[in-house]
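Chemist: Note that numbering that gives the first Met the number 0 numbers the sequence shown so that position 27 is 26, with each residue one more than the last.
Positions of the beta carbon are idealized from the N, C-alpha and C atoms, including for glycine.
To start, I am sharing the structure in question, which I have written as structure tokens.
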Amino acid sequence: MAMKLAFSTLACPEWSWKDIYPMAHDLGYAGIEIRGL
């Protein structure tokens with residue numbers, strides 16, 4: 000089974016969900032890890 004990568008929101012805490020989802024999707028990530036500082 001291949002490892003799937005997730006887009007982490009740790010580096011972009013000020014992005015809205017409307018920014019995060021399309022970016023992760025366009026870059027081909029399989030999931031989103033929601034994190035904050």
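Here's a check: name, in chain order, each residue in its chain whose Cβ is nearer than 7 Å to the Cβ of Ala23, leaving out the five neighbours to either side.
Modeler: Your numbering for residue 23 matches position 24 in the sequence shown. Counting only Cβ-Cβ distances below 7 Å, and skipping sequence neighbours, we find Phe6 and Ile31.
Chemist: Measure the C-alpha to C-alpha separation of Leu9 and Pro21 and round it to an integer number of angstroms.
Modeler: Here the question's residue 9 lines up with position 10 in the sequence shown. Here the question's residue 21 lines up with position 22 in the sequence shown. Their Cα atoms are separated by approximately 16 Å.
Chemist: My output table needs one value for Ile33: the three-state DSSP class, helix, strand or coil.
Modeler: Translated into positions along the sequence shown, residue 33 becomes position 34. Ile33: coil per DSSP, three-state reduction.
Chemist: Which value, in whole angstroms, describes the spacing of the CA atoms of Lys17 and Lys3?
Modeler: Within the sequence shown, numbered from 1, the residue matching residue 17 stands at position 18. Within the sequence shown, numbered from 1, the residue matching residue 3 stands at position 4. In a straight line, the C-alpha of Lys17 is about 22 Å away from that of Lys3.
Chemist: Within the continuous alpha helix (DSSP H) that includes Ala23, where are the two ends?
Modeler: Taking the first residue of the sequence shown as position 1, residue 23 is located at position 24. Taken as a continuous stretch (DSSP letters only), the alpha helix (DSSP H) holding Ala23 covers Trp16 to Asp25.
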